[in-house]
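Scroll down for the structure; my scribbles are underneath it.
Residue numbers (our numbering), protein chains in the order written: chain A, 100 to 202; chain B, 8 to 151.
The structure is reproduced here in structure tokens:
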């Protein structure tokens with residue numbers, strides 16, 4: 100199941116996203132949380148330190164929007180780019196699409 | 008895989024959750040990150056600006072064909088429940104739930120930390136109700 104959380108900046112998306120992710124994880128589900136903000140806010144909300152958050156590699160743009168060159172399997176993708184957080188939610192850090200386009 | 012949210016990621020995750028940065032680019036027709044979402048939660052607070060953003064987002068999400076688009080009212084104080092109900096009725100989307108304003112959340116934000124266990128209980132209860140709403144809406148759809 101793929102769940103998107105959207106809303107104007109400051110409405111509390113990240114706090115709610117972290118709580119949704121933790122709640123699903125507490126129910127025994129495998130949860131993948133994808134942060135699309137250039138600041139690692141979701142990483143903090145999921146319990147990573149700033150240092151740990153900085154170590155989470157950015158997903159390449161080709162993986163985020165898809166242009167056909169992505170050859171990683173989902174398992175490879177998670178092992179190369181995912182960070183397991185204290186709440187057992189796996190975090191991926193996707194780069195900002197607008198920023199990538201502006202290059 | 009065509010996109011991070013393409014079908015294949017479901018092999019590795021029961022739930023894939025995307026916290027979208029502010030802005031609507033991710034809902035564009037061409038390869039928007041959320042084009043594959045099963046459920047979109049549009050978070051609002053009791054402010055006209057957040058409601059206007061929500062309205063534009065809901066229109067785009069429906070154009071994209073996201074099958075379930077729900078409103079969530081956050082930071083609710085006395086009287087805001089009715090406000091969020093009216094907004095969702097106006098936009099013709101179900102209201103998945105209302106999350107109360109909470110001092111523990113404000114303080115955790117100030118610290119830049121995780122909400123500690125035992126903190127923000129009313130918020131946690133609201134979150135559980137919202138996920139129950141989502142689960143209920145997905146019943147009959149089968150495992151994604």
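A virtual CB, placed ideally from N, CA and C, is assigned to each residue, including glycine.
Using the Cα positions of residue i and residue j, report the straight-line distance between them to the nearest angstrom.
| i | j | result |
| --- | --- | --- |
| residue 108 (chain B) | residue 121 (chain B) | 17 angstroms |
| residue 148 (chain A) | residue 179 (chain A) | 20 angstroms |
| residue 80 (chain B) | residue 18 (chain B) | 32 angstroms |
| residue 105 (chain A) | residue 98 (chain B) | 16 angstroms |
| residue 145 (chain B) | residue 118 (chain B) | 36 angstroms |
| residue 116 (chain A) | residue 108 (chain A) | 13 angstroms |
| residue 167 (chain A) | residue 139 (chain A) | Note that residue 167 (chain A) scores a pLDDT of 46, beneath 50, so its modelled location is shaky; the value from the coordinates is reported in the next line. Rounded to whole angstroms, residue 167 (chain A) to residue 139 (chain A) spans 27 angstroms at the Cα level. |
| residue 175 (chain A) | residue 103 (chain A) | 23 angstroms |
| residue 136 (chain B) | residue 66 (chain B) | 25 angstroms |
| residue 69 (chain B) | residue 102 (chain B) | 16 angstroms |
So is residue i in contact with chain B if we call contact Cβ pairs under 7 angstroms?
| i | result |
| --- | --- |
| residue 72 (chain A) | Given a span of 100 to 202 for chain A in the structure shown, any question on residue 72 (chain A) remains unanswerable. |
| residue 168 (chain A) | Summary for residue 168 (chain A): the model assigns pLDDT 48, below 50, so the residue's position carries little reliability, and this model does not support an answer. |
| residue 183 (chain A) | no |
So residue i packs on residue j, CB below 8 angstroms; how close in whole Å?
| i | j | result |
| --- | --- | --- |
| residue 133 (chain A) | residue 23 (chain B) | 7 angstroms |
| residue 141 (chain B) | residue 114 (chain A) | With 8 angstroms as the limit, residue 141 (chain B) and residue 114 (chain A) do not qualify as a contact, their Cβ atoms being about 17 angstroms apart. |
| residue 20 (chain B) | residue 126 (chain A) | Rounded, the Cβ-Cβ distance is 14 angstroms, inconsistent with contact. |
| residue 94 (chain B) | residue 58 (chain B) | 5 angstroms |
| residue 28 (chain B) | residue 189 (chain A) | About 19 angstroms; that fails the 8 angstroms criterion. |
How about residue i: is its C-beta nearer than 7 angstroms to some C-beta of chain A?
| i | result |
| --- | --- |
| residue 83 (chain B) | no |
| residue 146 (chain B) | no |
| residue 63 (chain B) | no |
In terms of residues, what are the limits of the beta strand (DSSP E) holding residue i?
| i | result |
| --- | --- |
| residue 153 (chain A) | Segment 149-154 is the alpha helix (DSSP H) holding residue 153 (chain A); no beta strand (DSSP E) there. |
| residue 102 (chain B) | 102-107 |
| residue 26 (chain B) | 22-26 |
Span of the alpha helix (DSSP H) holding residue i?
| i | result |
| --- | --- |
| residue 98 (chain B) | 87-98 |
| residue 177 (chain A) | 173-180 |
Checklist entry - Between the segment 180-194 of chain A and the segment 114-123 of chain A, do at least 3 Cβ pairs fall closer than 8 angstroms? => result At 8 angstroms Cβ cutoff, the stretches touch.
Next on the checklist: Pairs of beta-carbons, one from the segment 41-57 of chain B and one from the segment 70-79 of chain B, closer than 8 angstroms: are there three or more?
Outcome noted: Contact check between the segment 41-57 of chain B and the segment 70-79 of chain B: three or more CB pairs, one atom from each, fall below 8 angstroms, which counts as touching.
Checklist entry - Does the count of Cβ pairs from the segment 49-58 of chain B and the segment 81-93 of chain B closer than 8 angstroms reach three? => result The segment 49-58 of chain B, when compared against the segment 81-93 of chain B, does touch it at the 8 angstroms Cβ threshold.
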